[in-house]
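Comments concern the structure below.
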Amino acid sequence: MKVLVVGGGGREHAIIKKLKESKKVSKIYALPGNGGIAADAECVDIGAKEIDRIADFAAKNDIDLAVVAPDDPLVLGAVDALKAKGIKTFGPDRRAAIIEGSKAFSKDLMKKYNIPTAAYETFSEAEEALRYVENCPVPVVVKADGLALGKGVIIAETREEAVNAVKTIMEDRIFGDSGSKVVIEEFLTGPEVSVLSFTDGKTIVPMVSSMDHKRALDGDKGLNTGGMGTVAPNPYYTPEIALQCMETIFRPTIDAMNKEGRTFSGCLYFGLMLTEKGPKVIEYNCRFGDPETQVVLPLLESDLADIMLSIYEGKLDEAEVRFADKSAACVVMASEGYPSKYETGFEITMPEDKNIYVAGAKLKDGRLVTAGGRVLGVTETAETLAEAIDKAYQTVKTISFENAYYRTDIGKRALMAERK
Ligand code: AMP
Ligand code: GLY
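Mapped onto the working numbering, the consecutive letters of the sequence shown carry residue numbers 180 to 599.
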């Protein structure tokens, strides 16, 4: 089977490495991939948002399975373009990808179908939004409606911060047109859990749960990032809570999308908060999470290519989806200064036989050099979470590049929760 994967980050590298384990897969192309992914796939210089070129490439190269991983091409309709050329494709079409593409859409969907989430109001006029934050309780959460590289969420501790958030999103348009509408919602508290799921629109199979570490610095301090590390499973996510989520959130979401004529097929990501009043949805993503994928897929024992094809065919109920009863930890190594200013271009040395997922690196004169904020993710699996974390940090020590920065407390909170 010839497979094509759209995207070029750590998530795509994790998908590619797992697909490579399948006996059926003989060739993998990454569009565009990156310098590290080049060790596992043939990288083709076509950007993830160049939808027509992606579809043409797939048709010309007799691709048997296309996997669209990032949010942008999904929301722009890459799956529709590939399917129009007769390519078997994994991922939601444009109509279903709106579940991530518009927060106003997903909040209205949850309200209409009684899926638990934070109370909210949507505004298209800055003036009205400003009037609202003048009287609402604080802290309050202000979210740009559209995609914003995972940065479109501002938690305002005070009324002044809320006013500034509305102004920067709606008037200064710091997230561009994504800020033409805002969702202002109730601030919730509780442990966060990420649950990725496979679904063909009929059957939904949750994957092993995980925990992201979004802040840049140890102790969950510093700026929000794309994610500095992950562990799986998430110890807060007990079998009872999993059952509750299936009944009140997962199944109702799949049914709601069907009723709206927007059947979702692919990987649906549930960002959950376990509040005192039960699990609530913080966000939906229409794709594999990053870096969640870097701990979830290493634990997958079944054939990923088979699962993806069965989803395309609407036969997920017949597929085997089995996860190892083990733990995984991923430590992200970044360029010092990320997510703000950082330098790149430094040579990376790392072992070859490890689960290292390269995100921000390129080949220069045949050598791998840093080229982004998040450079790579180092994953280890083990019988226990404590061992997995230990092993991951040991592997981190065998990797070097100038300016390397990583958090030293990935999984610490999860370990404390385990011991309770
Ligand atoms: P999102 O991009 O929607 O996942 O939001 C980013 C992060 O902001 C989440 O992972 C939460 O930590 C936080 N967040 C989002 N919405 C809320 C909320 N209603 N209450 C508290 N924290 C939130
Ligand atoms: N790690 C969160 C996300 O992929 O959006």
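Backbone N, C-alpha and C define an ideal beta-carbon position, used for all residues, glycine too.
Predicted model, so just to flag it, every value in this text is computed and none were measured.
Enumerate in chain order the residues of its own chain whose CB-to-CB distance from V410 is below 8 Å, with the five nearest sequence positions on each side excluded. Counting from one through the sequence shown, the residue named residue 410 turns up at place 231. Taken in chain order, the residues that qualify are S389, M390, V474, S506, A507, A508, C509, L564, A567, I568, I589, G590 and A593.
Any non-hydrogen atom of the ligand GLY within 6 Å of G270 CB: Taking the sequence shown and counting its residues from 1, one reaches residue 270 at position 91. No - the ligand GLY has no heavy atom lying nearer than 6 Å to the Cβ of G270.
Counting only the same chain and skipping the five closest in sequence on each side, list residues whose C-beta sits under 8 Å from that of T600. Only positions 180 to 599 of the chain appear in this structure, which leaves residue 600 out of reach.
Report buried or exposed for L402, applying the criterion of at least 16 other Cβ atoms within 10 angstroms of its Cβ. Numbered from 1 along the sequence shown, position 223 holds the residue referred to as residue 402. Looking at its Cβ environment, which holds fewer than 16 other Cβ atoms inside 10 Å, L402 is exposed.
Three-state secondary structure assigned by DSSP to A503: By one-based count along the sequence shown, residue 503 stands at place 324. If DSSP states are grouped into helix, strand and coil, A503 belongs with coil.
Below 6 Å CB to CB, which residues in the same chain sit around I266 once its five sequence neighbours on both sides are set aside? Working through the sequence shown from its first residue, we reach residue 266 at position 87. Only A237, I242 and A245 meet the Cβ criterion.
Between which residues of its own chain and E581 is the CB-CB distance below 7 Å, once the five residues before and five after are set aside? Position 402 of the sequence shown, counted from the first residue, corresponds to residue 581. Correct list, in chain order: F525.
Pairwise C-alpha distance: E559 and K393: Taking the first residue of the sequence shown as 1, we reach residue 393 at position 214. Taking the first residue of the sequence shown as 1, we reach residue 559 at position 380. Answer to the nearest angstrom: the Cα atoms are 19 Å apart.
Cut-off 6 Å between Cβ atoms - residues of its own chain near G325, not counting five sequence neighbours on either side: For this step, residue 325 is matched to residue 146 along the sequence shown. So the list reads S357, once near-sequence residues are dropped.
Alpha helix (DSSP H) runs wholly inside the region 203-270, at least 4 long, in chain order: 230-239, 250-255 and 257-263
So is the beta-carbon of D399 under 6 Å away from any non-hydrogen atom of the ligand GLY? Sequence index remark: in the sequence shown, residue 399 carries index 220 (1-based). Checking every heavy atom of the ligand GLY against the Cβ of D399, none is found closer than 6 Å.
Does the beta carbon of N464 fall short of 6 Å from some heavy atom of the ligand GLY? Counting from one through the sequence shown, the residue named residue 464 turns up at place 285. Checking every heavy atom of the ligand GLY against the Cβ of N464, one is found closer than 6 Å.
Residue span of the beta strand (DSSP E) that contains A498, given as start and end: As a working mapping, residue 498 is identified with position 319 in the sequence shown. No beta strand (DSSP E) contains A498, which DSSP labels as neither H nor E.
Does DSSP put K533 in a helix, a strand or coil? Translated into the one-based positions of the sequence shown, residue 533 becomes position 354. If DSSP states are grouped into helix, strand and coil, K533 belongs with coil.
Cβ of V460 versus every heavy atom of the ligand AMP: is any distance shorter than 6 Å? What you label residue 460 is simply residue 281 of the sequence shown in a count that begins at 1. Checking the Cβ of V460 against the ligand AMP gives no.
Below 8 Å, how does it come out for the region 539-546 and the region 488-499: are there three or more Cβ pairs, yes or no? no
DSSP three-state label for K197, please. The count along the sequence shown starts at 1 and reaches residue 197 at position 18. K197: helix per DSSP, three-state reduction.
So what's C446 in DSSP terms, helix, strand or just coil? The residue you call residue 446 lines up with position 267 of the sequence shown. C446 falls in the strand class under three-state DSSP.
Any heavy atom of the ligand AMP inside 6 Å of the beta-carbon of E323? In the sequence shown, counting from the first residue as 1, residue 323 sits at position 144. One detail in the question is off: residue 323 reads as Ala in this sequence, not Glu. It does not: the Cβ of A323 is nowhere closer than 6 Å to a heavy atom of the ligand AMP.
So for P295, helix, strand or coil by DSSP? Locating residue 295 in the sequence shown gives position 116, counting from the first residue. Looking at P295 - three-state DSSP - the assignment turns out to be coil, as it is neither helix nor strand.
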